[in-house]
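Report on the following structure.
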Amino acid sequence: MSKGERNLRLHIMVTHEELTTLRERMAEINSQNQSAFIRKLATDGYAVNVDLAPVNELVSLQRRCVNNLAQIAKYAKSHNVYESEIIELQKGYQGLWKQYSRLLKHLAKLVAL
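Quick note on the working numbering: the sequence shown kicks off at 1072 and runs consecutively.
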């Protein structure tokens, strides 16, 4: 949702201690946007911080594998080497990539602030 779609203002009063606690909780989950943090808590009742570094590394490795497979396939086609096996590998990678895409979509829904 774009910022322009949120055209209603909600004003709340807090004590100094409550504000300190709010900022500490934001820091715990590495949130920089106070409005988004409060909206998330108000609508869902929770806010989480998910470390996506392992997922990013997994996607990077998968992309490298796909690129390597494409190079192998190109070589095999030009030299008629095990073409049927390369085609099977390509199909396997396509299926694997679909699974990764599904996983990433589910993760994106979980971590959306």
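Every residue gets a Cβ at the ideal spot worked out from N, C-alpha and C, and that includes glycine.
Note that the structure is a prediction, hence the values are computed from the model and not measured.
Membership of I1143 in the alpha helix (DSSP H) is indicated by the continuous run 1124 to 1150. The beta carbon of I1143 is closer than 7 Å to those of I1157 in its chain, skipping five residues each way along the sequence. Contact check for Y1164 and L1140: beta-carbon distance about 6 Å, within the 8 Å limit, so the pair qualifies. Per DSSP, H1087 is one residue of the alpha helix (DSSP H) stretching across 1087 to 1099. F1108 sits close to L1093, with the two beta carbons spaced by under 9 Å. The beta-carbon distance between W1168 and V1137, rounded to whole angstroms, is 7 Å. This is short enough to meet the 8 Å contact definition.
Annotated three-state conformation of H1177 is helix, per DSSP.
Contact between S1102 and A1118 holds, since their C-beta atoms are separated by about 7 Å, short of 8 Å.
In the displayed model, S1172 falls within a helix according to three-state DSSP. For R1110, the enclosing alpha helix (DSSP H) starts and ends at 1105 to 1115.
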